[in-house]
Amino acid sequence: TREGSMKWLVVLRLVALSECLVRVPLMKVKSMRENLEENGMLKQYLEKYPYRRAKFLSKDQKDVTYESLRNYLDLVYVGLITIGTPPQTFKVVFDTGSADFWVPSVLCYTESCDTHEHFNPQRSSTFRLPTGPVRTVKLRYGSGDILGIVGYDTLKIGDLEDINQAFVQSIWQDHAFGSLAPFDGILGLAYPDISQARHTPVFDNLWKKGLITENLFAFYLTSKRKRGSMLMLGGVDHSYYSGELRWVPLTKQRHWQVALDSITMNGTVIACHDGCQAILDTGSSVVDGPNEDVLQIQNVIHAQQTYNNMYVIDCNTTTQLPDVVFVIGGVNYPVPARSYIRKNALGTCISTFNMFSSNTWILGDVFLRLYFSVYDRANNRVGLAPAI
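The sequence shown lines up with residues -20 to -1, 1 to 368 when you count with mature numbering (1 follows the signal peptide of the UniProt record, and there is no 0).
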């Protein structure tokens, strides 16, 4: 309501002042069509919604809701969602490595917000504030931090309408989320326990409200092609993978974390010698691992460290490099050199194995492009099969 929106603005001004923040003037909010057209996504949106396969009848006679994703240079996968009434459109990363949902606010004053869409509560008749005092929340990500305020509004993902969904409206963002980021916000799909804002995540609400028929979702991520990648909510489309799904139980119900048996190259164990842990993370474009283990892989593939801590490889040798094989639940999941070596705009070949100050491996899109992945909340397990 207008009264609620005005209350939101008054409270937000007070909070901003208390945080010693400077508020920029409100900007004119473009229409949904203008936003899509300006970002080169109007054609995709018009193609998607009138004609897309919103529902798919699987072998189990269950419905699947599809959300098509756009591949940006094999670095990030972005989908369209709307918030509010009438809907305001945003590009978000559907991230299995986090549990919070945020988009920029009209009161975000940092430069990192300037090139992105902003949520305006005054333009939504269904927006409301949480009960009790309004406070700022801080969301920490590996690439930077977000400062914002929680609100509630109607979220639409394809044909799914999630009423009164909690989300964070950022009023400050690190530069990592600035003009080079091809997305406006992040929609987390991990377990509620790791929600930093302490609200019910989107997927949990979809299930609790009976909006999906199965308590699971799945990802199909393409390589290099802009289109074809897909998020499936509430079921699995078996035409996106070959063979059968191999199910792996979670070791912790926070991230989508599983046990790794070992990591091998040319039949020799080179890392994770006594078993280790791994997280499946659609929000990461690379594979992160413990420093010593990743360094061992870089040595085997003859990658040389550069001044900016990247590891480069002679492009002429990449066809001769061995697979890196992740053994999970007794099953080999090979990642060939064509997947773990990336050629940048300058023609330099770069290793996508990154050193990480943790003993837990992060299996990002480098791994997930090869393997169709299912995230089963009902049974706390992950399913993997070769992607088609």
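The C-beta atom is built at its ideal place from N, Cα and C for all residues, glycine as well.
Segment limits, alpha helix (DSSP H) that includes residue i
i	result
Y320	A317 to Y320
E272	N271 to V280
D345	D345 to L348
D184	V182 to K188
Endpoints, beta strand (DSSP E) assigned at residue i
i	result
V136	For the record, residue 136 in the displayed sequence is Lys; it is not Val. Looking at the DSSP string, the run of the beta strand (DSSP E) that includes K136 is G124 to I137.
C93	Careful: C93 lies outside any beta strand (DSSP E), inside the alpha helix (DSSP H) at E91 to D94.
D142	L140 to Q153
residue 387	Because the chain is modelled from -20 through 368, residue 387 falls outside the range shown and cannot be assessed.
Q257	C256 to L260
I192	Here I192 belongs to no beta strand (DSSP E), and DSSP marks it neither H nor E.
R226	R226 to P229
S337	Where S337 is concerned, there is no enclosing beta strand (DSSP E), given that its DSSP letter is neither H nor E.
S265	Where S265 is concerned, there is no enclosing beta strand (DSSP E), given that its DSSP letter is neither H nor E.
A239	W236 to L240
S159	Counting along the chain, S159 falls outside any beta strand (DSSP E), and DSSP gives it neither H nor E.
I213	A small fix is needed here, since residue 213 is Leu in this sequence, not Ile. From DSSP, the beta strand (DSSP E) with L213 extends over S209 to L213.
P172	Element bounds for P172: n/a, residue is neither H nor E.
K74	Checking the displayed sequence, the identity of residue 74 turns out to be Phe instead of Lys. First-last of the beta strand (DSSP E) with F74: Q68 to D75.
P84	F81 to P84
Under the three-state DSSP convention, the category residue i falls into
i	result
R120	strand
N359	coil
Q300	helix
P113	coil
T200	Note that residue 200 is Tyr in the sequence shown, not Thr. Strand.
D43	strand
A283	coil
Y220	helix
E27	Confidence in E27 is poor, its pLDDT being 46 and thus under 50, which makes the residue's placement unreliable; the coordinate value appears in the next sentence. In the structure shown, E27 sits in a helix (DSSP, three-state: H, G or I).
I342	strand
V2	Annotation note: pLDDT 29 at V2 (below 50); position unreliable, coordinate value reported separately. Note: V2 maps to coil in three-state DSSP.
A365	strand
Closest by C-alpha distance to residue i, when choosing among the options
i	options	result
V73	T111, W82 and I342	W82
N324	A258, D133, C295 and T180	C295
P314	F347, N288, R322 and K118	F347
F157	H282, D303 and C88	C88
H155	S123, S222 and G128	S123
Y171	T180, L201 and F163	T180
D303	A317, L135, V238 and Q284	A317
G309	L301, G255 and I63	G255
Q153	Q145, V117 and K188	V117
G247	V307, S209 and S104	V307
T298	N289, H282, Y287 and N288	H282
T262	L60, I63, F70 and D75	D75
G128	K136, L119 and L135	L119
T328	A198, G190, Q284 and R207	Q284
M290	V148, D273, L364 and T332	T332
T134	G208, Q257, Q276 and N185	N185
V148	L109, N334, G363 and L260	L109
K71	P84, T65 and G77	P84
E199	L211, T193, L191 and C252	Looking at the sequence itself, residue 199 is Phe, so the reference to Glu does not match. Out of L211, T193, L191 and C252, L211 has the C-alpha closest to the C-alpha of F199.
8 Å Cβ shell around residue i - same chain, five flanking residues per side excluded
i	result
R205	N51
V305	I243, T244, M245, N312, Y313, P314 and V315
L196	G214, G215, V216, V354, Y355, D356, R357 and A358
D54	S203, K204, S265, R322, D345 and R349
Close-in-space but distant-in-sequence residues of the same chain around residue i (CB under 7 Å, 5 per side omitted)
i	result
G138	A34, T45, Y46 and E47
R361	W227, V228, P229 and L230
V56	V73, P162, F163 and S265
V2	With a pLDDT of 29 at V2, under the threshold of 50, the modelled position of that residue is not reliable, and the figure given next carries that caveat. Y89, listed in sequence order.
Short CB-CB distance (under 8 Å) between residue i and chain D
i	result
P66	You won't find chain D in this structure, because it holds only one protein chain.
Beta-ladder partner(s) of residue i, from DSSP
i	result
M247	The amino acid at residue 247 is misidentified as Met; the sequence shows Gly. Partner(s): none; G247 has no beta bridge.
R50	V58
Y291	Q285
T332	Its beta-bridge partners do not exist; DSSP assigns none.
L167	F74 and F81
Q102	In DSSP, Q102 forms no bridge with anything.
I308	V311
Residues near residue i in its chain [Cβ-Cβ closer than 6 Å; skip 5 each side]
i	result
S159	T95
S222	P366 and I368
I174	A79 and R234
V274	F333 and M335
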